[in-house]
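Trainee: Numbering of the sequence shown is given in my numbering, commencing with residue -15 and proceeding in unit increments.
Where is the CB? At the ideal position from N, CA and C, for every residue including glycine.
Keep in mind it's a predicted model, so treat the numbers as computed, not measured.
One structure, pasted below without further comment.
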Amino acid sequence: MTINGKEVGKGSTGDILGHPFEALAWLANSLATRGKNLKTGEIVMLGSVVETQWVLPGDEVSIE
């Protein structure tokens, strides 16, 4: 991830417990141990592979 040509973050989806589905499986299993589950239509945000960056009007952001 770059902002105005400067690299400000770098990561891979593999950084989320090896694969994003692993994080989702962990969440589902963790809820199950508490007698709860994910419900149809719920949205799950699995996180970000880079630290949050704040941009200003006019900044140019690039993500590869």
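In this structure, how does DSSP classify T36 when only helix, strand and coil are distinguished?
Mentor: Coil.
Trainee: Suppose contacts are defined by Cβ-Cβ distances below 9 Å. Is A7 in contact with G25 by that definition?
Mentor: Cβ atoms of A7 and G25: not closer than 9 Å.
Trainee: Any idea what DSSP makes of E44, helix, strand or coil?
Mentor: Reduced to three states, the DSSP call for E44 is coil.
Trainee: If you draw a straight line from the C-alpha of N21 to the C-alpha of W10, how long is it?
Mentor: Those two C-alpha atoms are separated by around 12 Å.
Trainee: Is E6 helix, strand or coil when you go by DSSP?
Mentor: Here E6 sits in helix by DSSP.
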